[in-house]
Structure formats: structure tokens, C-alpha cells
Amino acid sequence: MGNLVGRTGAGIPSEHHSDYADDEIDLRELFGVLWDGKWWVAGITAIASIIAVIFALSLPNIYQSEALLAPASSSGGLGGLAKQYGGLANLAGISLPGGGSGDKTALGLEVMKSRRFIAEFIVHHELLVPLMASSGWDQSTGNLIIDPEIYESAAKKWVRDAPPPKRPVPSLQEAYQKFESLLSITEDTKSGFISLSVKHYSPVVAQQWVVWLIEDINNTLREQDVTEAERSIAYLKQQIEATLLTDLQSMFFELIQSQTETVMLAKVRQEYVFKTIDPAVVPEKKSEPKRALICVLGTLLGGMLAVLWVLVAHYAKKREDL
């Protein structure tokens, strides 16, 4: 037994010693290879870091302007009438909406993100050039930098070389996709507050677009409600003349009064659906790009590629020698 223990070394089988020795040799060889190729590693890493710095500096600044919104309070008149006259309205074939502010807010958010609204927004405010052709912002003059390969400002002509089926003049579908990538709408389900933000090369443009978005969504839903209310009033007046039932006539008169209040409220209240809690301002600091992070990641990636290249080159050469 004693000879066996002495021969194996503290009770560990001899084949395990062989594995440990092989591992130790491989580790030493690995560090030796890296040490021999340290100048390659340092050189490739330095080149990668320089490229990362140049790339980071070449990226234009992007600014983000943000506004905090809250759902505007609802009069709730139609909700009360729906409870009071719901049965009679169904008999008369009339549908009474609830008129809750939650439904109006959800509708406003979906309309604001819709293709139709954004396309009309771009056309109404003539945003196609600053949206699709801008490549930066001149801080000294405050003007947008327009890419001459996309749009000739002097001739006011689109000259971009776009592959079919695209054309030199960007379509509203392209503009929608680009605008959607710059727009961010976040709703806090607990508090009900909505964060609306827009990114752009120009901080002034970003702030202006946020302001226009809030104004346009309120105006769009206001016009829709006014149109619906006026049509409802006209229809209800016809129903009053067509029925002899006192209860239905009374309901129709109250509905007309409620719809008239809706029209009045829509025309008086400027912030019809969304109320601005914290208005958008012209940002002084950029939000993108993260140049320091780009430089660090570029340097790390270059170092890892350099180490991998040294190891692969060494073991490839070793295999050829065998």
C-alpha cells in the first residue's frame, strides 16, 4: 500500500498528473505565443482604436426634444346620458358613446402613430426635405446641412439615385418609415402621463416638430368630434320631427344639448385631447452618438481580433510544420 501511495503521489492517479502537465504546458505556450506577438496585438489594437475614434467623430450630433403630456379632462356628458337613456336609444336605433377620456386618449395615441396622420403631418408642414435629405446641422448658422447627392437646394430638385421601385422624390411611405424611427411615444399605464419625443440633427427642428405634433393631434381629433357632433345634431332634429313619443323627444332634446356642449367645448378648449404638462424645449446637449462608448467598444473589438489573429496564425503555422 505504501509503495502504491508513494508511486501515485498523494493517492491521485498518475494519468491525472499527465493531464495537469499537458494543461500547464498549453497555458504556458498560449502566453508565450501572445507575448511573441505582442507588437502585432498592440499595433492592430491601436489601428482599431484610431478607426473607432475617426468613425465616432464623423457621426453628426443628434438631439432629442421631449414633452410630457396628460389626458385632457372629459366633460362626461354623453356617459351620463348613455346610462340614463341607453334603453330608449337602443329602441330608436341610436348608439350612444361613453365619452370617457381614457378612450379618447387611446384613440389619440393610435391616430398619432398612424400612417395617415404622419403623412398628412409631413405634407402640411413641408417636412420632406428636412426629413429625408438632411445630413447634419450647422451650429454656427443654425441651418440644416442638406446632402447635395439627395436634394439640390438651389434648384429645389430631388436628385438622389434610388433603386426601383423607389424614385428620386421620396414617397410618403418612405417618409413615414423615417419619421417613425425618429418618433417615440411612451405611456405610463399607472400615472397616465405620455412622453412624446422626436430626434433630429437640429435641436430647433426636433422641438418644433414636437410642438406641431401636439397641436395637430388635438386639432385632428377636435375636427372629427365637431363633425360627428354636428351630424348627430342634424340627425336628432330629424328624429324629433319624425316621432310623437314624448320620452324619445325628451331624450333627443337632451342629446342635442349634449352634442352642442361637445361642439362648444371642442372649439373653446385649445388642448382638446392632450394637455401639455412639460412643454418641449430646444435641447442644449446631444442625445447621440455615444462617442466614448464607440471608442471603447472599437478598441476592445480590435484587441480581441488581434489576439485571435495571432493565435490562429501561430497554430496554423505549427500545423504546417508538422
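Counting the sequence shown from 1 gives a position; this note's numbering is that position plus 912. Just so you know, even glycine gets a beta-carbon here, dropped at the ideal spot from N, CA and C.
*Mark residue 1055 as exposed unless 16 or more other C-beta atoms lie within 10 angstroms of its C-beta, in which case mark it buried.*
By the Cβ neighbour-count rule, residue 1055 is exposed, with fewer than 16 other Cβ atoms within 10 Å of its own.
_Distance, residue 1128 Cα to residue 1122 Cα_ = The straight-line gap from Cα to Cα measures roughly 10 Å.
*Let me know if residue 937 comes out buried or exposed under the rule of 16 or more other beta-carbons within 10 Å of its beta-carbon.*
Since pLDDT at residue 937 reaches only 46, below the 50 mark, its modelled position is unreliable, and the value read off the structure follows with that caveat. Per the 10 Å Cβ criterion, exposed.
*Nearest-angstrom Cα separation, counted from residue 1021 out to residue 1149*: Answer to the nearest angstrom: the Cα atoms are 33 Å apart.
*Around the Cβ of residue 1137, are there at least 16 other Cβ atoms within 10 angstroms (buried) or fewer (exposed)?*
A buried status is given to residue 1137, since no fewer than 16 other beta-carbon atoms sit within 10 Å of its beta-carbon.
*Go through its chain and collect everything with a Cβ distance to residue 1179's Cβ below 8 Å, but skip five positions before and after it.*
Its chain contains 1134 and 1138 as the residues whose beta carbon lies nearer than 8 Å to that of residue 1179, once the 5 sequence neighbours on both sides are disregarded; these appear in chain order.
*In whole angstroms, what separates the C-alpha of residue 1059 from that of residue 1069?*
Going by the C-alpha atoms only, they are around 12 Å apart.
_At the level of alpha carbons, what is the spacing between residue 1228 and residue 942?_
Per the coordinates, the alpha-carbon of residue 1228 lies some 14 Å from the alpha-carbon of residue 942.
*Taking 8 Å as the threshold, find out whether the segment 1180-1200 comes into contact with the segment 1106-1118 through three or more Cβ pairs.*
At 8 Å Cβ cutoff, the stretches touch.
_DSSP beta-bridge partners of residue 1235_ = Beyond the ends of the chain as shown, which are 913 and 1234, falls residue 1235; an answer cannot be given.
*Throw me the rounded Cβ distance for the residue 1210 and residue 964 pair, which I believe falls under 8 Å.*
About 2 Å separates the CB atoms of residue 1210 and residue 964; that is less than 8 Å, so the two are in contact.
*Can you say whether residue 1036 is buried or exposed, counting buried as having 16 or more other CB atoms within 10 angstroms of its CB?*
Exposure of residue 1036 is indicated by the presence of fewer than 16 other C-beta atoms within 10 angstroms of its C-beta.
*Inter-residue spacing [alpha-carbon to alpha-carbon] between residue 1047 and residue 1113*: In a straight line, the C-alpha of residue 1047 is about 7 Å away from that of residue 1113.
*Take the Cβ of residue 1171 as the centre, count every other Cβ of all protein chains shown within 10 Å, and call the residue buried at 16 or more, exposed below.*
Classification for residue 1171: buried.
*Quick one: residues in its chain with C-beta nearer than 6 Å to the C-beta of residue 1072, no 5 flanking neighbours on either side, listed in chain order?*
Scanning its chain for C-beta atoms nearer than 6 Å, with the 5 sequence neighbours on each side dropped, one finds around residue 1072 the residues 1062 and 1080, in chain order.
*For residue 1188, does the three-state DSSP call read helix, strand or coil?*
If DSSP states are grouped into helix, strand and coil, residue 1188 belongs with the strands.
*Indicate the three-state DSSP secondary structure (helix, strand or coil) for residue 1046 in the structure shown.*
Correct three-state label for residue 1046: strand.
*Which one of 1222, 1169 and 962 has the shortest CA to CA distance from residue 945?*
Closest by alpha carbon: 1222.
*Per DSSP, which residues does residue 1055 bridge with? Please list them.*
Note: residue 1055 sits in a beta bridge opposite 1050.
*Return the Cβ separation of residue 977 and residue 1115 in integer angstroms, given the expectation that the two are a contact with Cβ distance under 8 Å.*
Contact holds; Cβ gap of about 7 Å.
_Considering just the uninterrupted stretch of the alpha helix (DSSP H) at residue 1160, what are its terminal residues?_
Boundaries of the alpha helix (DSSP H) harbouring residue 1160: 1158-1180, taken from the DSSP string.
*Pick helix, strand or coil for residue 1149, following the three-state DSSP scheme.*
Residue 1149 falls in the helix class under three-state DSSP.
*Can you say whether residue 1119 is buried or exposed, counting buried as having 16 or more other CB atoms within 10 angstroms of its CB?*
So residue 1119 counts as buried.
*asked:* Here's the rule: buried if 16 or more other CB atoms are within 10 angstroms of the residue's CB, otherwise exposed. What is residue 1098?
replied: Exposed, by the Cβ-count rule.
*Of all the options 1231, 1212, 1213 and 1016, which has the alpha carbon lying nearest to the alpha carbon of residue 1104?*
Selected option, being the one with the closest Cα: 1016.
*With a CB to CB cut of under 8 Å and the five nearest residues on each side skipped, what residues in its chain are close to residue 959?*
Cβ neighbours of residue 959 beyond the five flanking positions: 1214.
_If distances are taken between C-alpha atoms only, which option among 1151, 1057 and 1225 comes closest to residue 948?_
Measuring C-alpha to C-alpha distances from residue 948 to each of 1151, 1057 and 1225 identifies 1225 as the nearest.
*Ends of the alpha helix (DSSP H) at residue 950?*
Judged by DSSP secondary structure, residue 950 falls within the alpha helix (DSSP H) whose first and last residues are 950-970.
*How is the alpha helix (DSSP H) around residue 1031 delimited, first residue to last?*
Going by DSSP, residue 1031 is part of the alpha helix (DSSP H) stretching over 1027-1037.
*Determine the contact status of residue 912 and residue 1034, defining contact as a CB-CB distance below 8 Å.*
Outside the shown range of the chain (913 to 1234) lies residue 912, about which nothing can therefore be said.
*Within 10 angstroms of its Cβ, does residue 951 collect 16 or more other Cβ (buried), or is it exposed?*
Counting the other Cβ atoms within 10 Å of the Cβ of residue 951 gives fewer than 16, which makes it exposed.
_Among 1157, 984 and 1124, whose alpha-carbon lies nearest the alpha-carbon of residue 1192?_
With respect to the C-alpha of residue 1192, the residue from 1157, 984 and 1124 having the closest C-alpha is 1124.
*Coil, strand or helix - residue 1227 by DSSP*: If DSSP states are grouped into helix, strand and coil, residue 1227 belongs with the helices.
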